[in-house]
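To start, the structure under review is shown below, and the notes come after it.
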Amino acid sequence: MSLDRTIRWRALDPEGLEHCRIISSARDTRIRSTVITPDYGLFYRLKLEPSGEIRHARLERTDGALLELFSDGAGHWSDDRAEPLPDLAGCIDIDISASPLTNSLPLWRCDWVIDQPQRFTMAWINVDTMSVRRHEQIYTRLDDRHFRYQAADGSFERVIKVDDDGLGLDYPGLFTRVG
1 MSLDRTIRWR ALDPEGLEHC RIISSARDTR IRSTVITPDY GLFYRLKLEP SGEIRHARLE
61 RTDGALLELF SDGAGHWSDD RAEPLPDLAG CIDIDISASP LTNSLPLWRC DWVIDQPQRF
121 TMAWINVDTM SVRRHEQIYT RLDDRHFRYQ AADGSFERVI KVDDDGLGLD YPGLFTRVG
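In UniProt numbering, the protein residues as written are 1 to 179.
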């Protein structure tokens with residue numbers, strides 16, 4: 001994947017804004033983003049392997065709360081003190097609660113067949129608490145522009161509209177692209 005883009009999303013509930021820069025090359029993909037919500041600002045950086053596996057995530061809120069995670073790309077995680085995080089074993093992707101960008105990570109990494117669901121074990125980051133936990137998710141490609149996202153426990157479902165680069169255009173009730 002070769003990508004050099006700046007994107008903005010408007011959060012709908014709660015209201016907010018994300019300004020994101022993605023630079024991808026044959027060497028790696030680097031993502032830098034700022035999220036502004038009514039309660040805090042968040043800056044995050046992600047580094048991905050050329051094949052799409054996350055290697056490093058650093059999130060910092062304006063109140064000083066910090067979360068930094070490292071992955072070997074094969075589902076083994078550690079924190080900023082190099083302490084293993086066994087609860088995240090097998091997670092390849094992350095999902096940041098305040099950002100639609102991270103929904104693109106499994107879309108970029110996988111081959112897709114229409115109407116064939118794929119299950120992912122995500123390292124889900126709650127930015128309100130700056131905590132991370134394992135979360136099972138299912139994505140199904142519906143056509144060239146639409147993916148169904150489902151929490152594996154059935155608690156949440158949306159159809160996400162994406163652009164040609166697999167970046168969200170509309171995430172009903174949560175986010176919409178504004179630039």
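Glycine included, every Cβ here is placed at the ideal spot set by N, Cα and C.
For the beta strand (DSSP E) that contains residue i, what are its first and last residues?
i	result
Ser71	66-71
Arg177	175-177
Ser104	Unbroken run through Ser104 is the alpha helix (DSSP H), 104-109; no beta strand (DSSP E).
Asp25	The residue you asked about is not Asp; residue 25 is Ser in the sequence shown. Looking at the DSSP string, Ser25 is not in any beta strand (DSSP E), and its letter there is neither H nor E.
Arg45	41-48
Asp4	3-12
Out of the options, state which residue places its alpha-carbon closest to the alpha-carbon of residue i.
i	options	result
Gly173	Asp13, Ile7, Thr6, Leu3	Asp13
Ser104	Leu17, Tyr171, Arg61, Val178	Tyr171
Thr129	Ser25, Asp39, Ser33	Asp39
Ser71	Asp63, Leu59, Cys91, Ile31	Cys91
Arg45	Arg32, Asp144, His135	Arg32
Leu69	Gln150, Ser131, Glu157, Ser2	Ser131
Cys110	Ser25, Ser155, Thr29, Gly166	Gly166
Phe145	Glu136, Asp164, His135, Ile138	It should be noted that the sequence gives Arg, not Phe, for residue 145. Of the candidates Glu136, Asp164, His135, Ile138, the one whose C-alpha sits nearest the C-alpha of Arg145 is Asp164.
Gly73	Glu49, Leu67, Val35	Glu49
If we count the other Cβ atoms within 10 Å of its Cβ and call it buried at 16 or more, is residue i buried or exposed?
i	result
Val113	exposed
residue 206	What the structure shows of the chain is the stretch from 1 to 179, and residue 206 is not part of that stretch, so it cannot be assessed.
Ser51	exposed
Glu15	exposed
Pro84	exposed
Gly64	exposed
Arg81	exposed
Asp28	exposed
Looking at the strands, I want to know which residues DSSP matches up with residue i.
i	result
Gly168	Val162
Glu53	None; Glu53 has no bridge partner.
Pro84	Ser78
Gly154	Its beta-bridge partners do not exist; DSSP assigns none.
Thr62	In DSSP, Thr62 forms no bridge with anything.
Distance cutoff 7 Å, beta carbons only. Does residue i sit that close to anything in chain D?
i	result
Ile36	Chain labels in this structure do not include chain D; a single protein chain is all it has.
Comparing the CB of residue i with every heavy atom of the ligand ADP, is any distance shorter than 6 Å?
i	result
Ser2	Only the bare structure without any ligand can be found here, which leaves the ligand ADP out of the picture.
Exercise. Please list the segments of the alpha helix (DSSP H) lying wholly inside the stretch 91-150, counting only runs of 4 or more residues, in order along the chain.
Key: If we require 4 residues or more, the alpha helix (DSSP H) runs fully inside the stretch 91-150 come out as 104-109.
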